[in-house]
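Below is one structure, written out as structure tokens; the observations come after it.
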Amino acid sequence: MKLGIISDVHSNLIALKKVLSELKDVGMIIHAGDIVGYNPYPNEVVKIFREKNIFSILGNHDRAVITGDTSGFNPFAAESVHWTRNALSDENLSFLKTLKKRE
1383 MKLGIISDVH SNLIALKKVL SELKDVGMII HAGDIVGYNP YPNEVVKIFR
1433 EKNIFSILGN HDRAVITGDT SGFNPFAAES VHWTRNALSD ENLSFLKTLK
1483 KRE
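Counting from 1383, one number per residue, gives the positions in the sequence shown under my numbering.
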């Protein structure tokens, strides 16, 4: 089986759609963290992850959106976390909470 490995989508819907179109022939897609952050489409991106059953681990931006803790983030990244936290639906926030932590 072919695997597709991606990471750091950061709510970039346009880039995610392009990458997924390039990976249409793989058997499984693995995402190495940071589904959300920076870009303005967190709900749309999380919905795609849920619908396509893309396996992902919890990234630092995902964790910050869940917890609200932006310690160690620069001011721009912290503002992005707060915006994403407010924009994300309860259903999509719950999905992020199911992601496994990196060990």
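Virtual Cβ for every residue (Gly too), placed ideally from N, Cα, C.
| Is it the case that the Cβ atoms of residue 1478 and residue 1444 are separated by a distance below 8 Å? | yes
| task | Report yes if the CB atom of residue 1463 is closer than 8 Å to the CB atom of residue 1419, and no otherwise. | result | Cβ atoms of residue 1463 and residue 1419: closer than 8 Å.
| Cβ pair residue 1476, residue 1425 closer than 8 Å | Between residue 1476 and residue 1425, the C-beta gap is not smaller than 8 Å, which leaves the two residues out of contact.
| What does residue 1410 pair with, by DSSP beta-bridge criteria? | 1385
| message | Could you compute how far the alpha carbon of residue 1383 sits from the alpha carbon of residue 1409? | response | 6 Å
| query | Count the other CB atoms within 10 Å of the CB of residue 1385; is the residue buried (16 or more) or exposed (fewer)? | reply | exposed
| task | Compute the Euclidean distance between the alpha carbons of residue 1400 and residue 1406, then round it to the nearest angstrom. | result | 10 Å
| message | Given this structure, state the Cα-to-Cα distance separating residue 1437 from residue 1396, to the nearest angstrom. | response | Going from the Cα of residue 1437 to the Cα of residue 1396 covers about 20 Å.
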